[in-house]
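Working notes for the structure below.
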Amino acid sequence: MSMESVHRTQQDEARAADWQSLQNLGHQIVELAGHLNAANYRLLMLIAEWDRRKGWSDGASASCAHWLNWKCGIDMGAAREKVRTAHALLNLPKIAAAMERGELSYAKVRALTRVACPNTEDTLLMYALHGTAVHVERIVRDFRRCKEAEELGREAQQQLDRKLTWFHDQDGMLVIKARLPAEAGQMFLKAIEAACEEIPTEDDVSAETPTVKWQIHSSAGRVDALAVMAETFLAQGPAALKGGDRHQIVVHVAAETLRDSAAGRCNFEHGPSVSAETARRLSCDCSVVPIVENEDGEPLNVGRKTRSIPPALHRAMRSRDRGCCRFPGCPNTRYLDGHHIQHWAHGGETKLSNLVSLCRFHHRQVHEGNVAVLVLDDGAIRFVTPTGESFDSTLPNHTQPLSDWHQLVATHEEQGLHIDRRTAATRWDGEPYDHAWAIESLLRRLRTG
């Protein structure tokens, strides 16, 4: 054999070895993806249980998603999707089981849970096992569009049935009832969603709610968003609605009530009464007008309106706090209040060292007694529970990866999960598929259900 032949043979053997090495590398990637799928299922189930038992509601976090953002370093949008998906899986046992076995990725499951119901679960699961993530996203998107198209025939009747009513309940709360046509309803939902993104909310995901958008925020959170919508419109609405202070919310509170919680007047103007602590929270950062009244409640003297926190001091506080809520782990930068650590009604000075920026949620938590604010000797601020336990920020790089991914494999083997390179591999072999037929079959199953 010539030297050239020997050299060629060695090159062929080297290429074959390199190819085998690449094949093994690909097999390891697919096998590990299967283990990650199973691990993601376990993560979602833990999130669902954590949210169901309100493990995050210790005064530090406004919702389960906020807790995930703080403790696990997950983006807020991704955290809300994980909470939604986790709760949706509880009603989709077959899809959940496939993910638990490592057969379905989180990307596929997240898409499936947007439209899946007991009638369509089997069909969607088949598509997910045999199709790529792109196939699944396209099927889900077009299936949703077809479902929406079937609703267009109801628009005329919706226009006839639209109405909005309200009344005050016995406890002074305003009760609103509305029936909105689809277009008006969509604008309302968009406004609610936009407002929800700007304020801390409590995610109380309901798996029974059919519309995904309404699963993102709790009922209480949407009330806060509605208040933000009203506040924004009154501040930036049509010119005919502007002018003066006639859109401010006025609270009448006796000085003794504000200072000592003694019996006395404490109510919204032309509205129900509020607690003294609520009045103190509202007066932390507001305009104050002192009024001296006689025994019959008639004003004798009206003082000048002043800001409880002057604009210059407000700017200094925002600069020091960098425009963020100071509570550890809170990402909110909009709709912040200036909080008096020692309230001015209790003798606290309106100075920078006695002020701290708090979002609306954490401001309420402080005034409701769930969180206390302490100023340390060096001027630093610490947030503690009523029992004295400190809310500390999570340290950087707190989430450490597994030192050896084989630990995950061993754990799954102990749980009876046998995952190999074929488990998570998509079963599509490249042949064309009938997309229109896939959507039609889903619609048939939905209707027959």
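Position one of the sequence shown corresponds to residue 16 (our numbering), numbered consecutively onward. Even for Gly, the Cβ is constructed at its ideal location relative to N, Cα and C. Remember, predicted model here, so these are calculated numbers, not experimental data.
- Taking all protein chains shown into account, V149 has fewer than 16 neighbouring C-beta atoms within 10 Å of its C-beta and is therefore exposed.
- Residue pairing for T180: DSSP places it in a beta bridge opposite K192.
- Taking A210 as the centre and dropping the five residues before and after it, the same chain places the C-beta of A240, V243, M244 closer than 7 Å to its C-beta, in chain order.
- By the neighbour-count criterion, in which a residue is buried when 16 or more other Cβ atoms sit within 10 angstroms of its Cβ, S76 is buried.
- In terms of Cβ geometry, L367 and L391 do not form a close pair [threshold 9 Å].
- Residue range 351–355 is occupied by the beta strand (DSSP E) that includes D352.
- Under the three-state reduction of DSSP, C374 is assigned to strand.
- The Cβ neighbour count for K97, taken over all protein chains shown within 10 Å, is at least 16; the residue is labelled buried.
- In this chain, the beta strand (DSSP E) harbouring I396 covers 396–399.
- In this structure, the CA atom of M188 is about 10 Å from the CA atom of W181.
- Within the DSSP secondary-structure output, H267 pairs in a beta bridge with N282.
- By the beta-carbon neighbour count (other beta carbons within 10 angstroms, threshold 16), Q35 is exposed.
- A direct Cα-Cα distance of roughly 40 Å separates L139 from T348.
- Inter-segment contact for the region 75–89 and the region 144–159 is absent: fewer than three beta-carbon pairs are separated by less than 8 Å.
- Residue burial is scored here from C-beta neighbours: A250 has fewer than 16 other C-beta atoms within 10 angstroms and is therefore classed as exposed.
- Within its own chain, the residues whose Cβ lies closer than 6 Å to the Cβ of R194, once the five positions on either side in sequence are excluded, are D176, R177, K178, listed in chain order.
- For V388, the enclosing beta strand (DSSP E) stretches over residues 387–390.
- In the same chain as M60, and ignoring 5 residues on each side of it, the C-beta atoms closer than 8 Å to its own belong to A101, L104, in chain order.
- The beta carbon of D184 is closer than 6 Å to those of V190 in its chain, skipping five residues each way along the sequence.
- Annotation: Q185 is outside any alpha helix (DSSP H) and is labelled neither H nor E by DSSP.
- Under DSSP, S405 forms a beta bridge with V399.
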